[in-house]
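Below you'll find the structure, written out as structure tokens, and then a few comments.
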Amino acid sequence: MDKVKKHIAILCSRLDLPGGIERAIVNTANLFVQKEHQVTLVILDETKNSFYPLLPAVRVIQQALSFGITPEGNVISRKIKLLTDVLKLRNLLKDLKADLVIASEYPFA
1 MDKVKKHIAI
11 LCSRLDLPGG
21 IERAIVNTAN
31 LFVQKEHQVT
41 LVILDETKNS
51 FYPLLPAVRV
61 IQQALSFGIT
71 PEGNVISRKI
81 KLLTDVLKLR
91 NLLKDLKADL
101 VIASEYPFA
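For the sequence shown, the numbering used here assigns the number 1 to the initial residue and increments by one for each residue that follows.
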């Protein structure tokens with residue numbers, strides 16, 4: 001029986017730091033690719049660099065979204081930024097058509 005291969009999207013804030021969550025995300029993405037799944041990492045920060053090596057089959061999309069978490073602006077402008085960033089992420093995920101979405105941090109869940 002053939003196994004059905006899934007498209008898996010993993011949301012994370014950044015991968016350019018040598019931390020534990022960054023290593024876990026990269027290892028998970030690489031493992032899914034080795035199991036012949038399609039993997040897309042969606043990095044929601046300014047840079048798409050990874051401290052840990054990613055397999056070439058892992059697709060990386062970088063989309064800088066702050067979800068209104070910024071010292072600039074007032075409460076209303078930050079709420080508007082939150083709403084626009086949520087809609088951008090929603091549209092990005094809709095376009096990806098992933099079978100499974102994994103959020104690595106609570107703001108993305």
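Glycine is no exception: its CB is placed at the ideal position from the N, C-alpha and C atoms.
- Here F32 has I8 and V39 as same chain residues with Cβ atoms under 7 Å from its own Cβ, once five neighbours each way along the sequence are excluded.
- Looking at the backbone, the Cα of V86 and that of L65 are separated by about 9 Å.
- Just measuring C-alpha positions, the residue of G68, V101, C12 and V42 sitting nearest R59 is V42.
- Residue environment: I25 is assigned as buried (16 or more neighbouring CB atoms within 10 Å of its CB, all protein chains considered).
- Between K6 and D95 a beta carbon distance of about 17 Å is seen, past the 8 Å cut, so the two are scored as non-contacting.
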